[in-house]
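Data first, discussion second: the structure below is written as structure tokens.
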Amino acid sequence: MKDETKLVTAGRDPENNLGIVNPPVYHASTVLYPTVAALDASRARREKGERGVYYGRAGTPTTFSLEDMVCAVEGGHRCMVYPSGLAAIVASLMSFVEAGDHILMVDSVYGPTRRFCNTLAKRINVDSTFYDPAIGAGIAELIQDNTKVVYVEAPGSQTFVMQDIPAIAEAAHARGCTVLMDNTWASPLYCKPFTLGVDVSIQAGTKYIVGHSDVMIGTACANEASWPELEVTSRMLGHTAGPDDVYLAQRGMRTLSVRLKQHWENGLKVAEWLKGQDVVECVMHPALPDDPGHELWKRDFLGASGLFGTTLKPCPRAALGALIDDLELFGMGASWGGYESLVLPQDPNASRSVTPWPYEGPCLRFHIGLEDPDDLIADLDAGFKRLNAAL
Ligand SMILES: *Cc1c(COP(=O)(O)O)cnc(C)c1O
32 MKDETKLVTA GRDPENNLGI VNPPVYHAST VLYPTVAALD ASRARREKGE
82 RGVYYGRAGT PTTFSLEDMV CAVEGGHRCM VYPSGLAAIV ASLMSFVEAG
132 DHILMVDSVY GPTRRFCNTL AKRINVDSTF YDPAIGAGIA ELIQDNTKVV
182 YVEAPGSQTF VMQDIPAIAE AAHARGCTVL MDNTWASPLY CKPFTLGVDV
232 SIQAGTKYIV GHSDVMIGTA CANEASWPEL EVTSRMLGHT AGPDDVYLAQ
282 RGMRTLSVRL KQHWENGLKV AEWLKGQDVV ECVMHPALPD DPGHELWKRD
332 FLGASGLFGT TLKPCPRAAL GALIDDLELF GMGASWGGYE SLVLPQDPNA
382 SRSVTPWPYE GPCLRFHIGL EDPDDLIADL DAGFKRLNAA L
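Numbering (the working numbering), first residue to last: 32 to 422.
Below, the structure is given as structure tokens:
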């Protein structure tokens, strides 16, 4: 079955749900058992790690439905759902390290993941080394005897640098490390981490899975070998997501294929247009043929999302304000992956420790939504005219 079909069919069972197309939303904490024998049997199943309805926190058919959908498309053995993308990241990292261990973390990682390494992980005596995203097989030289996790994110946050994931995974596995990937940019649809050698793939479901800027949620899929650790640790951390949020995530995911195709097309059109602007230093988008990560993207990814970066030539902050403040179709704020367009000034150097970003001008992160791209370009064109007038 192709992904588009899986998105429609996975995680639902109308025949056993009164013919109703979508699975019901179960609100649950207590689950009642009619007899002591039934309670014992249920406890025995739970001890064996079987998925089932035991207690609200352990999930309901609503949760299982989303888990099955994500796993069906992204791959892996099983999937866990978390209350946010960051919760999924931290639980995944905690699953594979203990005091005295070491993490190899990509330098272009999502900011809060870096912060976890520099704060909470340190408190439990887990050290991290940040590495150049372009390192490839060279990662082997950084692996220490106590390295347990090699973490990748491609393309990376803010600068959208690609990584040679198969080369990194091969070197990591040769030394017994577990490979974790933040696969949020591509969504479960456009990158298949398990075919690249990744052991655990993480999604900020908040972004494209939900797709409507109204829910916080996260997922982590693991292969069979990594699943037991991931599950035990995540449950120990008490993670669970609210049923209505889980439902909205799986509803959003039904239309992921059509939305993402449009984000890809619209994003590329706007990115190409931006490249033609005098004040634009460079556009960071791995689907652009002259992007340094283009070959890796073509080899390992099935498509592109609507998120990319732009570096401008140095300009006063007020000129940046002239560009952004009066844009009509672009909101300014954190997060992305909804149906609407966003722009956000960022400073990559504020969160890099081994690969300084070489440009002095401001960096803008664009999320291109489902508006008509010509309208977006007209809005930006007026903005760049305002910026040029303010120089
Ligand atoms: C937003 C984001 C996250 C975190 O997801 P939340 O649901 O906001 O916690 C993780 N990774 C990447 C790449 C993100 O963009």
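Cβ coordinates follow ideal geometry from the N, Cα and C atoms, glycine included. Since this is a predicted model, take the numbers as computed values, not measurements.
Taking buried to mean at least 16 other C-beta atoms within 10 Å of its own C-beta, is residue i buried or exposed?
i: Val289; result: exposed
i: Ile248; result: buried
i: Ala318; result: buried
i: Asn156; result: exposed
i: Gln194; result: buried
i: Asn297; result: buried
i: Glu172; result: exposed
i: His58; result: exposed
i: Glu98; result: buried
i: Asp138; result: buried
i: Gly90; result: buried
i: Ser115; result: buried
i: Val52; result: exposed
i: Pro219; result: buried
i: Leu407; result: buried
i: Thr150; result: exposed
i: Asn214; result: buried
Does ligand 1 have a heavy atom nearer than 7 Å to the CB of residue i?
i: Thr237; result: yes
i: Met193; result: no
i: Tyr141; result: yes
i: Asp213; result: yes
i: Glu184; result: yes
i: Ser188; result: yes
i: Trp216; result: yes
i: Met247; result: yes
i: Ile439; result: As shown, the chain starts at 32 and ends at 422. That puts residue 439 outside it, with no answer to give.
i: Leu327; result: no
i: Ser115; result: yes
i: Ser244; result: no
i: Ile51; result: no
i: Ser366; result: yes
i: Ile120; result: yes
Beta-carbon separation of residue i and residue j under 8 Å?
i: Pro376; j: Trp388; result: no
i: Ile134; j: Tyr64; result: no
i: Leu287; j: Tyr239; result: yes
i: Gly106; j: Lys223; result: yes
i: Val277; j: Thr40; result: no
i: Met315; j: Gly340; result: yes
i: Leu358; j: Asp410; result: yes
i: Tyr370; j: Gly242; result: yes
i: Met111; j: Thr250; result: yes
i: Val385; j: Phe161; result: yes
i: Lys37; j: Val84; result: no
i: Met212; j: Glu184; result: yes
i: Trp367; j: Leu338; result: yes
i: Cys313; j: Thr342; result: yes
i: Val210; j: Gly187; result: no
i: Gly87; j: Ser60; result: yes
i: Val101; j: Asp275; result: no
i: Trp258; j: Arg109; result: yes
i: Ile120; j: Asp331; result: no
i: Gly273; j: Ile355; result: no
i: Asp321; j: Leu279; result: no
i: Ala335; j: Tyr221; result: yes
Quick test of your reading: residue i and residue j, contact by CB under 8 Å. State the CB separation rounded to the nearest angstrom.
i: Val263; j: Ile399; result: Not quite, the Cβ-Cβ distance comes to about 40 Å (not below 8 Å), so this is no contact.
i: Lys179; j: Asp132; result: 5 Å
i: Gln281; j: Ser96; result: 6 Å
i: Ala122; j: Leu268; result: 5 Å
i: Leu291; j: Ala350; result: Contact doesn't hold; Cβ gap of about 34 Å is too wide.
i: Gly392; j: Lys329; result: So it is not a contact: roughly 28 Å between Cβ atoms.
i: Val231; j: Ala253; result: 5 Å
i: Ala198; j: Ala168; result: 4 Å
i: Leu333; j: Glu402; result: 24 Å between Cβ atoms; not a contact.
i: Gln189; j: Arg396; result: 6 Å
i: Phe147; j: Glu260; result: Between Glu260 and Phe147 the Cβ distance is about 18 Å, and since that is not below 8 Å, they are no contact.
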